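Trainee:
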Amino acid sequence: MDASASSSVVSRMKLAVSNLPNFNEKNLKSYPQNRTSVYSCCYSAQGSQHRFPFQPCMISSPQLVDERNRIPNGFYITKDVPKKNPVGKAFCSAGVCTYGDSVVEESSHIAEEKIGVLLLNLGGPEKLHDVQPFLYNLFADPDIIRLPRLFQFLQRPLAQLISVLRAPKSKEGYAAIGGGSPLRRITNEQADALKMALEAKRKHVNVYVGMRYWYPFTEEAVHQIKRDRITRLVVLPLYPQFSISTTGSSLRVLQNMFWEDECLSGLPVAIIQSWYQREGYIKSMADLIEKELQNFPVPNEAMIFFSAHGVPVSYVEEAGDPYKGQMEDCIYLIMEELKARGVNNAHTLAYQSRVGPVQWLKPYTDEVLVELGQKGIKSLLAVPVSFVSEHIETLEEIDMEYKNLALESGIENWGRVPALNCTATFIEDLADAVVEALPLATAMSTSGSTSKESDNDPIKNAIRIFFGSVLSFILLFSPMVFKNNLL
Ligand SMILES: C=CC1=C(C)c2cc3[nH]c(cc4nc(cc5[nH]c(cc1n2)c(C)c5CCC(=O)O)C(CCC(=O)O)=C4C)c(C)c3C=C
Ligand SMILES: [Fe+2]
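Here the sequence shown is numbered in the numbering used here, starting from 57 and rising by one per residue.
#1: With a threshold of 16 other CB atoms inside 10 Å of the CB of Pro109, please say whether the residue is buried or exposed.
#2: Alpha carbon to alpha carbon, what distance is there between Lys257 and Ile345?
#3: With hydrogens ignored, establish whether the beta-carbon of Glu449 is closer than 8 Å to any heavy atom of ligand 2.
#4: From Glu384, Pro181, His403 and Ala364, pick the residue whose C-alpha is nearest to that of Arg410; which is it?
#5: Pair every Cβ in the region 322–335 with every Cβ in the region 489–498, then say whether three or more of these pairs are closer than 8 Å.
#6: Note down the Cα distance separating Leu389 from Ser219, rounded to an integer number of angstroms.
#7: Evaluate Leu351 with the Cβ neighbour count: other Cβ atoms within 10 Å of its Cβ, from every protein chain shown; 16 or more gives buried, anything less gives exposed.
#8: Is the number of C-beta pairs between the region 432–440 and the region 368–386 that are closer than 8 Å three or more?
#9: Is the beta carbon of Val441 less than 9 Å from the beta carbon of Leu289?
#10: Measuring only the C-alpha atoms, how far is Leu203 from Gly235?
#11: Would you call Pro474 buried or exposed, if buried means 16 or more other Cβ atoms sit within 10 Å of its Cβ?
#12: Which of the three DSSP states, helix, strand or coil, is assigned to Ala402?
#13: Using DSSP's beta-bridge definition, name the partner residues of Ile171.
#14: My guess is that Val325 and Leu176 are in contact by the Cβ rule of under 8 Å, so how many angstroms apart are they, rounded?
#15: Kindly identify the DSSP beta-bridge partner or partners of Gly471.
#16: Using 10 angstroms around the beta-carbon of Pro368, count the other beta-carbons present and answer buried if the total reaches 16, otherwise exposed.
#17: Look at the alpha carbon of Asp584 and the alpha carbon of Thr481, and state the distance between them as a whole number of angstroms.
#18: What residues in its chain sit with their C-beta under 8 Å from that of Leu319, if we drop five residues either side in the sequence?
#19: Of the residues Lys170, Tyr420 and Val414, which one's Cα is nearest the Cα of Gln408?
#20: Please determine whether the Cβ atom of Leu178 lies at a distance below 8 Å from any heavy atom of ligand 2.
#21: One question on the structure: do Leu349 and Asn312 come within less than 9 Å of each other, judged by their Cβ atoms?
#22: Comparing the CB of Ser301 with every heavy atom of ligand 2, is any distance shorter than 8 Å?
#23: For Glu276 and Glu255, I'd like the C-alpha separation in whole angstroms.
#24: Taking 8 Å as the cut-off, does the CB of Val369 come closer than this to any heavy atom belonging to ligand 1?
#25: Confirm the yes/no value for this check: CB of Leu611, any heavy atom of ligand 1, distance under 8 Å.
#26: Which runs of the alpha helix (DSSP H) spanning at least 4 residues fall entirely within the region 201–261, listed in chain order?
#27: Under three-state DSSP, which class holds Gly366?
#28: Shorter than 8 Å, the distance from the beta carbon of Gly229 to the closest heavy atom of ligand 1, or not?
#29: Helix or strand or just coil, what does DSSP make of Val444?
#30: Could you pull the start and end residues of the beta strand (DSSP E) that Ala326 belongs to?
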């Protein structure tokens, strides 16, 4: 999507993203933990310099919310009064947001309702042969490599080059965990479990899986949703915390599809943007941690080491990604839950999996592990916290690379909390989140054609690819990339 199309999408759809202030214990004292708690109540700033259409916002007074949550010709956010923080500003917190001008009629008015739940996830290569094309899809995403507007024509050639250069290292990782990502299998299992949990609540739904970078792609899932004539849809990203690079990127795909298709633009949709604050999720994480601590010789001496997937600092500081703030809130809530159970272990948070020659969120997991070893920490429980399935970064990076590094650094007792996968309490909570979101689904009323003629012009494309490849080549072989050995 080029920049002009992007900004008109912004003006038409005005999807919102919630934001929270950076971690501050005082703020969090009033932070709601109940699972039906919070819903977004903000919308995007028009004419933003960022290409990202889902902008965070702060609302200056609670009274403003009612007026602001109805946005002409676009995005409508329902429910909830904003929570006031101690500095007197009401802030939007994470939750459900919906499209459209008007709330959809009650289900009793609809002849035959067919409910769909769309699970969004990242996707992963299933065979070593898939690794390079998977990486291409990932790096071709403008929400993953955010180029300045002037250089956007380099996106695809750059993605081609980076994916080819990174593939050998990634393949080693995937080979070490059995030759492919378990993500598709686990996500399908979660989808089945969610369907059953919803059936137990007398909600009969079709659950779809839409991956961002590998099969089954989000686009395929949406086509199936159309074929199945779904009349109401809940979109549930399988990322507890919102990031531009994950949920944001998948929502952008959906947004483009819905905008271009009149049938879809009339479909009532509710989007659950982030759900890390849900009681069921927090308790499920606390259960796993509590259980795993029992495997240590002296459970209360083990440090709880939260390791989150990182994002480049510029996402947070320049583009307003709420990811870091949400992550810190999430850790706070898990620790509060543990304290309430009498678990008072020390804890820390670090960020893993950085890629490329830019600054990522700090502290870095590998550096902190070495420091903790040097400080004399002997027992450490690693807790992957940004993702709810086992994947390459838990199975290879944490279980192999970081474990070895920790042991070499003097840590003697190492443990790792498993990913939630299909943990019953967690799936139950996701089912509750879907049930709560359902009445909030509203139709996106606008549709329109995109002006993407230039994308279909073969001559322009050929010129782009040629110059793009030359420039990418120069960029990639710049000494910085090699000096840092980061590809
Ligand atoms: C919340 C989770 C994730 C964030 C945030 C995220 C951002 C992000 N990731 C990359 C680059 C890569 N990610 C890769 C794999 C990968 N990433 C996540 C999750 C988040 N990414 C998952 C779950 C996976 C694994 C999927 C699987 O196959 O199991 C990879 C490929 C693997 C590798 O080579 O290391 C890359 C590359 C960037 C650049 C980024 C933010 C900008
Ligand atoms: Fe990633």
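Every residue gets a Cβ at the ideal spot worked out from N, C-alpha and C, and that includes glycine. Being a predicted model, the structure only gives us computed values, none of them experimental.
Mentor: Walking through what the data contain:
#1: With a pLDDT of only 34 at Pro109, under 50, the local geometry of the prediction cannot be trusted, and no value is derived from it.
#2: For Ile345 and Lys257, the distance between alpha carbons rounds to 28 Å.
#3: The answer is yes for Glu449.
#4: The residue from Glu384, Pro181, His403 and Ala364 with its alpha-carbon nearest to that of Arg410 is Ala364.
#5: The count of Cβ pairs closer than 8 Å, one atom from the region 322–335 and one from the region 489–498, reaches three, so the stretches are in contact.
#6: As the crow flies, the alpha-carbon of Leu389 is around 37 Å from that of Ser219.
#7: The question names Leu, but residue 351 in the sequence shown is Asn. Counting the other CB atoms within 10 Å of its CB gives Asn351 a total below 16, which places it among the exposed residues.
#8: Here the region 432–440 makes no contact with the region 368–386; the two share fewer than three CB pairs at distances below 8 Å.
#9: Taking 9 Å as the Cβ cut-off, Val441 and Leu289 do not qualify as a contacting pair.
#10: Leu203 and Gly235: Cα-Cα distance of roughly 32 Å.
#11: Here Pro474 is exposed. Its C-beta has fewer than 16 other C-beta atoms within 10 Å.
#12: In the displayed model, Ala402 falls within coil according to three-state DSSP, outside both helix and strand.
#13: Val261 and Arg288, per the DSSP bridge assignment.
#14: With a Cβ gap of about 12 Å, Val325 and Leu176 do not count as contacting.
#15: BP columns for Gly471 point to Leu437.
#16: With a threshold of 16 other beta carbon atoms within 10 Å, Pro368 meets it and is buried.
#17: In the structure as shown, the chain starts at 57 and stops at 543, and residue 584 therefore has no counterpart that could be examined.
#18: Note that residue 319 is Cys in the sequence shown, not Leu. Closer than 8 Å at the Cβ level, and outside the excluded window around Cys319, lie Lys282.
#19: Checked all of Lys170, Tyr420 and Val414; the closest Cα to Gln408 is Tyr420.
#20: It does: the Cβ of Leu178 is within 8 Å (strictly closer) of some heavy atom of ligand 2.
#21: In this structure, Asn312 does not lie closer than 9 Å to Leu349 by Cβ.
#22: Checking every heavy atom of ligand 2 against the Cβ of Ser301, one is found closer than 8 Å.
#23: Their Cα atoms are separated by approximately 24 Å.
#24: Here the distance from the Cβ of Val369 to the nearest heavy atom of ligand 1 is not below 8 Å.
#25: Outside the modelled stretch of the chain, which goes from 57 to 543, sits residue 611, for which no answer is possible.
#26: DSSP runs (the alpha helix (DSSP H)) wholly in the region 201–261: 211–232 and 239–256.
#27: If DSSP states are grouped into helix, strand and coil, Gly366 belongs with coil.
#28: Annotation for Gly229 indicates a beta carbon within 8 Å of some heavy atom of ligand 1.
#29: Secondary structure of Val444 (DSSP, three-state): coil.
#30: Unbroken beta strand (DSSP E) run through Ala326: Pro324 to Ile328.
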